[in-house]
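Chains as they are written, first to last, in the numbering used here: chain V, 1 to 438; chain W, 1 to 564.
Yeah, the Cβ is synthetic: ideal placement off N, Cα and C, and Gly gets one too.
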C-alpha cells in the first residue's frame, strides 16, 4: 500500500468552463491532461493525500490586498473568486493541521496582479497568494512569510504588493527580464526603502537547466530562508520553465521541479503559469505532489526527457553563479542599502507606468511612501489609466505606528472627491476598506 | 414471476414476486462453507409447487465472490502490467505473480514506449510455469488507448484459460484501481464459473431454464453469461440489494435517506427522487480499491446486536458484536435487549434482557427502564450522526467547473426509509429526534430479496473523441471509428446512447427498462500554437440503477398487502 510520508492536501480546480478567450493559453483545456494524469495515477487514493473542495473568497479577502477599479466585481470573474478560494482552502487546511502541506492546483493564476487593479495583466487579475497570505495574517496571526516564485516570468504583481513589507520575503527565480514578459525582475530590484532586501530577484539566462535552478535554490534561496526564518514558505509554482513550454526558453524538467520542491519544503504551493499543457504540466504536477508527500518520484520522467540535451552550457553556469553572488551580496548588505535609499528624506516617491496586456490599459502611478523609523510606513498611490480613471489609494500597513496611521487617515480625509474617480483607504490595523466616490 | 434471492450473513431470503405482489417468501440458513448448497436449497424451496413456465427470470445476489476476497480465499492470478511515467508500478504489486513489462501510453493515448513481445512472452512463460491459469493485463491509460493491452494479449497467445484486459473491465481512469479490479476479476473467475455452472445445471435438471441474472454492486443486474467476463462485478452486491429493496417504496419527488439496520451494522444510502447515488470511484474491499461501480453506501458499526457497556461512566454501543441479544440467549446486553425491556419489541426473553441491562443501570445510577431508554435513544442518535457524516462527505466532493462551484448542489434528505430486523421499532424515534418523516419499508425482512428481484440491468460507457486525430473510441466496447472535424458533442451523445443501448441488451436488459443518462459531458478546444486544431469530447453515459418497468404494480400490491 502506498503511503505519503507527509500529509498533503490538494485543491484541484481546473475551471473546465472558463477561459480568457478561445485560443488563449489560459483556457479550459489547460489542466485537463493534468487531471487525467492525476486520476490515472490514483493520487487521491494514496493514504495521506487528501483532496479538498475549493472555497470561494469573499470581497473582504480581496479588499485586504487590492484596490480594484471600478470595484471588485468588475475586475474579477467567478473563476477568480474560486481560484483564490482554492489557495485559501489549502492554507486553512495547513493552519488547522489537517495536512502538513498543500498544493492549490487552480486557475486562473495571480502573480502578475499588483496592489492596484485596473484589469487583467499577464493572465492575472487578482493575486491568489497575496489574498491567501493576508487572510492567514488576519485569521491566524501569522507574521513572517516567504514567497518563493518559481514561475518563468517575474512575479511583478507579488513583488509590487510586498515591495514595502519587511515581513514578507519575496524571492523570484525567472527567465531574464530582457528576454521575456514582463521585462522586470533584475537583481537591482530589492524592495522599497523600508524593506530593502526582502525582495530578491534571481534572473536566469534563457536555456538554464536543472543544475542552474537547483544551484540558485541551494546557494541563495535556502540560506536566505534560514536567516529570514519565515513561519510559512509559499511556493508560487509556475511550470513554464519546462523545456517544452511554448512561451518560454528554459530547459527545466519534471524531475527538476520535484527536486526543487523537495529542497524548498514549502508549506503551501500555488499553481501559477505553465502552458505546455500536454508535455509538461501532467508530469510536473505529479512530480511536485509526490515531492510534497515525501514519496518517490524517480519514475516521473516525461516524454522527450534527455539529460544530455537538457544540460545547460558552461557559460550559463557561470552567469548563474555570478547572478547568485550579486543577490547574496544584496541580501548581506540589505540594511546599508535601505539606509542609503532612505537618506534624510521624509518621503520616498516612485513613478511607474503599468501595462495591462489583457485589456490594453495603460496605467501611470505615483507612489508616495512615508519613511518611518518605527514601521514600514503608510503608502499613497495616485493612479491614472488611459481610460480616464483617476484614483487615490492609501494603504495603512498591518503594523503601522500611530503617526503613520494618522497620516493615512488624514490623506484620505483631505482628498477631495471632486479630484478623483475613486478614493480608497485600506486600513490593515482594523481590517477596513473605505471608498469615497465622486 | 421473478425469483429474487439474497444471501445474507446468517440466512438467505428468497422471494417470488409477480402481479399479485409478494407471491411467496422463504428463508434458509446460510452455510458460508457451502454457499452452493444454500442457494440451491433456496431455489428448490421457492419453486416447489410453482409451474416452471410461470417464472420469467431469476436474480441472485450472492456473497460468493465477496466472501472469497474477504477471507483471502482467492485463486492465484497473474498480472502483466505496463506503465510509462508516473508512480513506480511496483507500488501496485498484487502478488508474487506480477510482471512489469516495457510499454507506455500517455494521457492522450499516444504511444511513448513500445511493447516488447519477447519480454511479454518471457513473463507469460514464468506465469505458466508457476501454474497460473487466469491472468489480467493492465496498461496505464489503456482506457485512452487499449492497443498495448491487446498487443500483450496477442503476444501471450492461448496459453491461459482466461485473460482479462483492463480496458474492458472499466473505461474510467485510475491505473492502480484498474490493476486491482482486473486482478480481482481474474482471482474470482474460477470460483464464479464453477458456482454458476453448478446452479445452471441443477436448475436445468428441475426443468427450470429461465434466464439467470446476477446483482452487481451498483444495484443493477447482468446476465449470467456476461458475468463470466466480469465476475468481479458481483462483489458487494449485498448492500446494493437492500438499497434497491427500498427504492420500490421511496417517493419520487424528494431525497430519502435509507437506513438498513442489521445485527452488527447499519448500512446507509441516499436516494435522489428514488434514484440511488453512485459511489464516486468504485468498491473498496479488503484493502483493494477498485473501479467496480457501486452505490454510494456507508456502514457504521452499530446494529441491533451491538455490545452495550459503560466505559468511564459513559454508555458505549458497538462496534463489536459478541452474539445475539441476551433476550435471545446471548452473553452481552444489546440495543435489542433495550427494546425488550421497554416492551417495544416482543419475542425475546424480557427477564434475561433485564438481567443484562441491570449492571449498566447500576453503573449509570438510573433505573433499568431509564438505562434501556438511554441505550435505545443513543443507538438512534449515533445512527443519525453517521448518516449526517455520510451526507457531509457527499456534499464536500470537489467540483471542477465554475458552474458547479457556484450552483453548489447539496444533498439534503427530509425523509427516512428504515429497513432491517428491528427497523419498525426504531422508526418512530427517528422521526421524533430528526424531524424527518420516517417510513418503514414494507416486508422489510425480505426487502433485500425483493430489491434483488426487481432490479434492472445497468451499464455504463465512456466515449472519447479527438477530432484532431479524427478518431472516436469507446475502449470498453472495443469500439473505434474515424470522424471528421465536424463531429460534434451532439453526435457523441447519439453515438454513446446507441452503444449503451446495444450493450444493455447484450447484458440482458429489456428495451422498456433502458433509461439512459449523461454522467459526464465535456468538450475542449485542442489548440496548438494559438490555432484551433480540433475538439476533445468526453461523454460518459449510463443506464441508471433502478427497478424494472413492472415494479410499480408489484410494489403497490406489496404495500396494500401490508396495510391490510
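For this session: Starting from the beta carbon of residue 400 of chain W, find every residue of chain V whose beta carbon is closer than 8 Å, and list them in chain order.
Result: Counting from 1 along the second chain, the entry for residue 400 of chain W is found at position 400. Chain V residues near residue 400 of chain W: 12, 13, 14, 15, 16 and 35.
For this session: Mind checking which residues open and close the beta strand (DSSP E) that includes residue 434 of chain V?
Result: Numbered from its first residue, the first chain carries residue 434 of chain V at position 434. Segment 432-437, the beta strand (DSSP E) holding residue 434 of chain V.
Exercise. When the distance is taken between beta carbons, is residue 28 of chain V closer than 8 Å to residue 108 of chain W?
Worked result: Your numbering for residue 108 of chain W matches position 108 in the second chain. Your numbering for residue 28 of chain V matches position 28 in the first chain. Not in contact: residue 108 of chain W and residue 28 of chain V (Cβ atoms no closer than 8 Å).
Exercise. Using a beta-carbon distance cut-off of less than 7 Å, what residues from the stretch 105-125 of chain W approach chain V?
Worked result: Cβ contacts with chain V: 106, 107, 108 and 112.
For this session: Measure the Cβ-Cβ separation of residue 242 of chain V and residue 197 of chain V and say whether it is below 8 Å.
Result: Position 242 of the first chain, counted from the start, is the residue given in the question as residue 242 of chain V. Position 197 of the first chain, counted from the start, is the residue given in the question as residue 197 of chain V. Cβ atoms of residue 242 of chain V and residue 197 of chain V: not closer than 8 Å.
Exercise. Taking only runs of the alpha helix (DSSP H) that begin and end inside the stretch 64-139 of chain V, which ones reach a length of at least 4 residues, in chain order?
Worked result: 72-75 and 78-95
Exercise. In the DSSP assignment, what are the bridge partners of residue 272 of chain W?
Worked result: For the purposes of this step, residue 272 of chain W is identified with residue 272 of the second chain, where counting begins at 1. Paired residues: W:255 and W:275.
Exercise. Does the Cβ-Cβ distance between residue 1 of chain W and residue 17 of chain W come in under 8 Å?
Worked result: By 1-based counting over the second chain, the position of residue 1 of chain W is 1. By 1-based counting over the second chain, the position of residue 17 of chain W is 17. Going by beta carbons, residue 1 of chain W and residue 17 of chain W fall inside the 8 Å limit.
Exercise. Going by Cα to Cα distance, which pick from W:460, W:269 and W:85 is closest to residue 383 of chain W?
Worked result: As a position in the second chain, residue 383 of chain W is number 383, starting the count at 1. That would be W:269, whose Cα lies nearest to the Cα of residue 383 of chain W.
Problem set entry | Cα-Cα separation between residue 74 of chain V and residue 429 of chain V, rounded to whole angstroms | As a working note, residue 74 of chain V is residue 74 in the first chain. As a working note, residue 429 of chain V is residue 429 in the first chain. For residue 74 of chain V and residue 429 of chain V, the distance between alpha carbons rounds to 26 Å.
Problem set entry | Exposure label - residue 439 of chain W; buried when at least 16 CB within 10 Å | Taking the first residue of the second chain as position 1, residue 439 of chain W is located at position 439. The residue in question, residue 439 of chain W, is buried, as its Cβ has 16 or more Cβ neighbours within 10 Å.
Exercise. Taking the alpha helix (DSSP H) that residue 263 of chain W falls in, what are its first and last residues?
Worked result: To locate residue 263 of chain W, count along the second chain from 1; it is residue 263. For residue 263 of chain W, there is no enclosing alpha helix (DSSP H), as DSSP gives it neither H nor E.
Exercise. Just the Cα atoms here: how many angstroms apart are residue 573 of chain W and residue 363 of chain W?
Worked result: Since the first and last residues shown for chain W are 1 and 564, residue 573 of chain W lies out of range.
Problem set entry | Beta carbon proximity, residue 103 of chain V to chain W, threshold 8 Å | As a working note, residue 103 of chain V is residue 103 in the first chain. With 8 Å as the cut-off, residue 103 of chain V does not count as an interface residue toward chain W.
Problem set entry | Contiguous beta strand (DSSP E) assignments of at least 3 residues, all confined to the stretch 371-423 of chain W | 415-419
Exercise. Are at least three pairs of beta-carbons, each pair with one atom in the stretch 188-195 of chain V and one in the stretch 159-174 of chain V, less than 8 Å apart?
Worked result: yes
Exercise. Which residues share a DSSP beta bridge with residue 490 of chain V?
Worked result: This structure leaves residue 490 of chain V out entirely; chain V is present only between 1 and 438.
For this session: Decide if residue 67 of chain V is buried, meaning its Cβ has at least 16 other Cβ atoms within 10 Å, or exposed.
Result: Walking along the first chain from the start, residue 67 of chain V turns up at place 67. So residue 67 of chain V ends up on the buried side.
Exercise. Should residue 532 of chain W be flagged as near chain V, meaning a C-beta pair shorter than 8 Å?
Worked result: One-based indexing of the second chain puts residue 532 of chain W at position 532. Using beta-carbon distances, residue 532 of chain W counts as an interface residue toward chain V, with a partner under 8 Å.
Problem set entry | Among V:32, V:9, V:25 and V:2, nearest to residue 523 of chain W - alpha-carbon criterion | Numbered from 1 along the second chain, position 523 holds the residue referred to as residue 523 of chain W. Nearest C-alpha to residue 523 of chain W: V:32.
Problem set entry | Minimum Cβ-Cβ distance from residue 372 of chain W to chain V less than 8 Å | What you label residue 372 of chain W is simply residue 372 of the second chain in a count that begins at 1. No, no contact with chain V.
For this session: Specify whether the stretch 147-160 of chain V and the stretch 302-314 of chain V touch according to this definition: at least 3 beta carbon pairs, one from each stretch, less than 8 Å apart.
Result: They do not touch, by the three-pair rule.
Exercise. On the three-state DSSP scale, how would you describe residue 427 of chain V?
Worked result: Within the first chain, numbered from 1, the residue matching residue 427 of chain V stands at position 427. Residue 427 of chain V falls in the strand class under three-state DSSP.
Problem set entry | 8 Å Cβ shell around residue 74 of chain W - same chain, five flanking residues per side excluded | In the second chain, residue 74 of chain W corresponds to position 74, counting from 1. Correct list, in chain order: 68, 184, 187 and 188.
Exercise. For residue 65 of chain W, does the three-state DSSP call read helix, strand or coil?
Worked result: For this step, residue 65 of chain W is matched to residue 65 along the second chain. Note: residue 65 of chain W maps to helix in three-state DSSP.
Problem set entry | Start-to-end residues for the beta strand (DSSP E) that takes in residue 193 of chain V | In the first chain, residue 193 of chain V corresponds to position 193, counting from 1. Looking at the DSSP string, residue 193 of chain V is not in any beta strand (DSSP E), and its letter there is neither H nor E.
For this session: Answer yes if the stretch 349-365 of chain V comes into contact with the stretch 381-395 of chain V, meaning at least three C-beta pairs across the two stretches below 8 Å, and no otherwise.
Result: Per the Cβ contact rule, the stretch 381-395 of chain V is in contact with the stretch 349-365 of chain V (3 or more Cβ pairs under 8 Å).
For this session: Measure the C-alpha to C-alpha separation of residue 331 of chain V and residue 224 of chain V and round it to an integer number of angstroms.
Result: If you number the first chain from 1, residue 331 of chain V lands on position 331. If you number the first chain from 1, residue 224 of chain V lands on position 224. Those two C-alpha atoms are separated by around 8 Å.
For this session: To the nearest angstrom, report how far apart residue 559 of chain W and residue 442 of chain W are at their CA atoms.
Result: For the purposes of this step, residue 559 of chain W is taken as residue 559 along the second chain, with counting starting at 1. For the purposes of this step, residue 442 of chain W is taken as residue 442 along the second chain, with counting starting at 1. Residue 559 of chain W and residue 442 of chain W: Cα-Cα distance of roughly 6 Å.
Exercise. Helix, strand or coil: which one does DSSP assign to residue 1 of chain W?
Worked result: Looking up residue 1 of chain W in the second chain gives position 1. Three-state DSSP puts residue 1 of chain W in coil, outside helix and strand.
Exercise. Looking at the structure shown, is residue 243 of chain W part of a helix, part of a strand, or coil, going by DSSP?
Worked result: The residue labelled residue 243 of chain W in the question sits at position 243 within the second chain. Residue state, collapsed to three classes: helix.
Exercise. Do residue 237 of chain V and residue 288 of chain V have their C-beta atoms within less than 8 Å of each other?
Worked result: Start at 1 with the first residue of the first chain, and residue 237 of chain V comes out as number 237. Start at 1 with the first residue of the first chain, and residue 288 of chain V comes out as number 288. Their beta carbons are under 8 Å apart, which means residue 237 of chain V touches residue 288 of chain V by this criterion.
Problem set entry | Three CB pairs or more closer than 8 Å across the stretch 53-70 of chain W and the stretch 162-176 of chain W | no
For this session: Assess, as a yes-or-no matter, whether the stretch 32-51 of chain W is touched by the stretch 138-149 of chain W under the definition of 3 or more beta carbon pairs within less than 8 Å.
Result: no
For this session: Taking only the alpha-carbon atoms, compute the straight-line gap between residue 76 of chain V and residue 115 of chain V and give it to the nearest angstrom.
Result: For this step, residue 76 of chain V is matched to residue 76 along the first chain. For this step, residue 115 of chain V is matched to residue 115 along the first chain. Between residue 76 of chain V and residue 115 of chain V, the C-alpha separation is close to 14 Å.
Exercise. By Cβ distance below 6 Å, which residues in the same chain neighbour residue 98 of chain W in space, the five residues on each side in sequence not counted?
Worked result: Residue numbering aside, residue 98 of chain W sits at position 98 when the second chain is read from its first letter. Around residue 98 of chain W: 79.
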